[in-house]
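J.: Quick one: the structure is below, and I'll ask about it shortly.
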Amino acid sequence: MSELIEKLKNTHQLTDDELLRFLAEPQPEDELFAAADELRREFYGDAVYLRGLIEFTNYCKNNCYYCGIRAGNPHAERYRLTDAQILSCCAEGYSLGYRTFVLQGGEDPYYTDDKICAIVSAIAKQHPDCRITLSIGEKSRESYQRYYDAGARRYLLRHETADPTHYRRLHPESLSLENRKRCLFDLKAIGYQVGSGFMIGSPYQTNDCLRQDIRFLQELQPAMIGVGPYITHSETPFADQPSGDLHFSLKIIALLRLMFPKALIPATTAFGSMHPQGRELALKAGGNVMMPNLSPTAVRKLYDLYENKICTGEEATQCKGCLERRIQAAGYRIVTDVGDSLVPTAAAEPCGAIRGKE
Ligand code: SAH
269 MSELIEKLKN
279 THQLTDDELL
289 RFLAEPQPED
299 ELFAAADELR
309 REFYGDAVYL
319 RGLIEFTNYC
329 KNNCYYCGIR
339 AGNPHAERYR
349 LTDAQILSCC
359 AEGYSLGYRT
369 FVLQGGEDPY
379 YTDDKICAIV
389 SAIAKQHPDC
399 RITLSIGEKS
409 RESYQRYYDA
419 GARRYLLRHE
429 TADPTHYRRL
439 HPESLSLENR
449 KRCLFDLKAI
459 GYQVGSGFMI
469 GSPYQTNDCL
479 RQDIRFLQEL
489 QPAMIGVGPY
499 ITHSETPFAD
509 QPSGDLHFSL
519 KIIALLRLMF
529 PKALIPATTA
539 FGSMHPQGRE
549 LALKAGGNVM
559 MPNLSPTAVR
569 KLYDLYENKI
579 CTGEEATQCK
589 GCLERRIQAA
599 GYRIVTDVGD
609 SLVPTAAAEP
619 CGAIRGKE
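The sequence shown begins at 269 in the working numbering and counts up by one.
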C-alpha cells in the first residue's frame with residue numbers, strides 16, 4: 269500500500285509536506301477508497317443517513333462570485349415558501365421516514381429572527397422526534413442562540429475556503445473569512461452540531477488552500493464536513509472558469525474520511541450533478557450521508573446554485589425510491605433515525621471555558 273495511505277489509515281494525520289504531496293501526486297484510487305470505506309464501516313457500518321433538504325428561499329443579499337442565486341444575478345427567478353408549504357414538506361418527509369429536516373436558503377432579510385424562530389418552533393411542535401437543521405448563512409451569536417432556543421440543533425455553514433487571500437477572490441468586500449469563522453465557533457459554543465466544508469476546484473484554489481481547509485477543520489472539529497466539486501454557473505462573474513474535477517473531488521472525500529474517521533460526510537448533490545453515479549462514488553470513497561430534496565417540485569429548478577443541478581424534476585417520494593435503490597446498489601443501507609455524529613458537541617463537554625456564561 270502507498271506510504272501516505274498507510275500513514276493516513278494508521279494515524280489519521282499527515283504533516284503539511286505530506287498533505288501537499290498527497291494532493292499533488294496521483295494516488296491509487298482502489299487502495300485509497302478501500303482504506304476510507306474500511307474506516308467508515310468501523311465507526312458507522314453500512315449506514316447512510318438521510319437528511320431531508322428544504323430549500324425555502326432563493327432570495328439572497330450576498331454576492332458570492334461563484335453562486336447562481338447571488339443578489340447580482342438579475343435573471344434568477346426568486347421564490348419563497350410559505351410557512352404552510354415548509355410544514356407540509358416536513359410532513360411529507362416525515363411520512364417517508366425522514367427524521368432530520370434541513371432548512372436551507374439564501375441570506376434573505378425577509379426572514380427575520382422572529383419568523384425563523386416561528387418556523388423552527390412550529391416544526392419542533394409538529395415533529396418532536398425530529399432534528400431541525402438550519403443553513404441560512406451568517407448571523408449574530410444572539411440570533412443563533414434564539415434559533416437554538418426555538419429548537420434548532422444543527423447548523424450547516426461551509427467556511428468555503430480557509431485561505432484569506434482565496435476567500436477575497438471568491439467573495440465581495442462585505443464578507444470576510446473572520447466573520448465566517450466567528451459564526452462557526454459561536455454555533456459550536458452554543459451547542460449546535462455544526463457542519464462546515466468547502467467547494468473543490470473553485471476558481472483560484474491551490475493545493476495549499478486545501479491544506480489550510482484541512483487544518484481549519486481540524487481546529488473546528490465539525491460534526492459534518494460537506495464538500496463537493498465547484499460547478500460553473502453562466503450568470504456569475506466566474507462564467508468562464510472551469511468546474512472542479514470529479515476524481516480529484518473523490519480523492520478529497522477519501523482524505524477527509526481518513527483524517528476525520530467519525531465525521532458525517534455527505535455525498536452531495538454537486539457530485540451527482542457532475543456524473544450520473546457521482547453520489548454513489550462519493551459514498552464508496554467514504555461518504556455516509558445523503559440530503560435528498562423535499563422542496564416542492566415547482567420551485568426546485570429555481571434554487572439554481574450551479575448548472576445542471578440534479579433532482580429538480582421529481583416528487584419527494586420518487587427521490588426517496590431512487591435513492592434507496594442507488595444506496596443499496598452501492599452496498600450500503602439507508603438509516604432513517606436522527607443519525608447523530610459521533611463527534612461530541614461543545615456544549616456536551618464539561619468545558620467551562622466553552623460553556624461561558626452558564
Ligand atoms: N446561504 C447559505 C447556503 C448557501 S448554498 C450559506 O451561506 O451557508 C450551500 C452551498 O452551496 C454553499 O455553501 C456553497 O459551498 C455551495 N455552492 C454555491 N455555489 C456553488 C457552485 N457554483 N458550485 C458548487 N457548489 C456551490
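By construction, the Cβ of each residue, glycine as well, lies at the ideal position given by its N, Cα and C atoms.
On a Cα-Cα basis, can you pick out the residue from S609, E299, V611, G589 that is closest to L364?
T.: One-based indexing of the sequence shown puts residue 364 at position 96. Comparing Cα-Cα distances from L364 to each of S609, E299, V611, G589, the minimum goes to G589.
J.: Quick check: is any heavy atom of the ligand SAH less than 7 Å from the C-beta of E375?
T.: Start at 1 with the first residue of the sequence shown, and residue 375 comes out as number 107. Indeed, a heavy atom of the ligand SAH lies less than 7 Å from the Cβ.
J.: Does DSSP classify L559 as helix, strand or coil?
T.: Here residue 559 refers to the residue found at position 291 of the sequence shown. Sequence inspection shows Met at residue 559; the Leu mentioned does not correspond to that position. The answer is coil: DSSP assigns M559 none of H, G, I, E or B.
J.: Where DSSP assigns a beta bridge to R319, which residues make up the other side?
T.: Taking the sequence shown and counting its residues from 1, the one referred to as residue 319 is at position 51. Bridge partners of R319: none, in fact.
J.: For a test of the three-state rule: what should DSSP assign to F528, helix, strand or coil?
T.: Translated into the one-based positions of the sequence shown, residue 528 becomes position 260. Reduced to three states, the DSSP call for F528 is coil.
J.: With a threshold of 7 Å (Cβ to nearest heavy atom), would S403 be considered close to the ligand SAH?
T.: For this step, residue 403 is matched to residue 135 along the sequence shown. S403 Cβ: within cutoff of the ligand SAH.
J.: For C477, which residues of its own chain have a beta-carbon under 7 Å away from its beta-carbon, when the five flanking residues on both sides are left out?
T.: The residue given as residue 477 occupies position 209 in the sequence shown. The answer, listed in chain order, is T429, D431, H434.
J.: Mind checking G313: buried by the 16 CB within 10 Å criterion, or exposed?
T.: As a first step, residue 313 is located in the sequence shown; it is residue number 45 there, counting from the start. By the 16-neighbour rule on beta-carbons within 10 angstroms, G313 is exposed.
J.: Label A584 either buried or exposed according to how many other C-beta atoms from any shown protein chain fall within 10 Å of its C-beta, with 16 as the threshold for buried.
T.: Translated into the one-based positions of the sequence shown, residue 584 becomes position 316. Residue environment analysis places A584 among the buried positions, since at least 16 neighbouring C-beta atoms fall within 10 angstroms of its C-beta.
J.: Please tell me whether V557 and P534 are closer than 8 Å, where the distance is taken between their beta carbons.
T.: Indexing the sequence shown from 1 puts residue 557 at position 289. Indexing the sequence shown from 1 puts residue 534 at position 266. Yes, they are a contact pair.
J.: Cβ-heavy atom distance between E428 and the ligand SAH below 7 Å?
T.: Locating residue 428 in the sequence shown gives position 160, counting from the first residue. At a cut-off of 7 Å, the beta-carbon of E428 counts as near the ligand SAH: some heavy atom of the ligand is closer than that.
J.: Between C335 and the ligand SAH, is the CB less than 7 Å from at least one heavy atom?
T.: Here residue 335 refers to the residue found at position 67 of the sequence shown. Checking the Cβ of C335 against the ligand SAH gives yes.
J.: Just tell me which of M269, G361, L288, I499 has its CA closest to the CA of P483.
T.: For this step, residue 483 is matched to residue 215 along the sequence shown. Sequence inspection shows Arg at residue 483; the Pro mentioned does not correspond to that position. Out of M269, G361, L288, I499, L288 has the C-alpha closest to the C-alpha of R483.
J.: Should I218 be counted as a contact of the ligand SAH given a C-beta to heavy atom distance under 7 Å?
T.: Any property of residue 218 remains undetermined from this structure, which presents the chain solely from 269 to 626.
J.: Buried or exposed, going by whether 16 or more other CB atoms sit within 10 Å of the CB of T401?
T.: Here residue 401 refers to the residue found at position 133 of the sequence shown. By the 10 Å Cβ count, T401 comes out buried.
J.: In the DSSP assignment, the alpha helix (DSSP H) including Y362 goes from what residue to what residue?
T.: Translated into the one-based positions of the sequence shown, residue 362 becomes position 94. Unbroken alpha helix (DSSP H) run through Y362: 351-363.
J.: I need the straight-line Cα distance from I273 to A303, nearest angstrom please.
T.: For the purposes of this step, residue 273 is taken as residue 5 along the sequence shown, with counting starting at 1. For the purposes of this step, residue 303 is taken as residue 35 along the sequence shown, with counting starting at 1. So the alpha carbons of these two residues sit roughly 8 Å apart.
J.: Which of helix, strand or coil does DSSP assign to P534?
T.: Working through the sequence shown from its first residue, we reach residue 534 at position 266. Three-state result, P534: strand.
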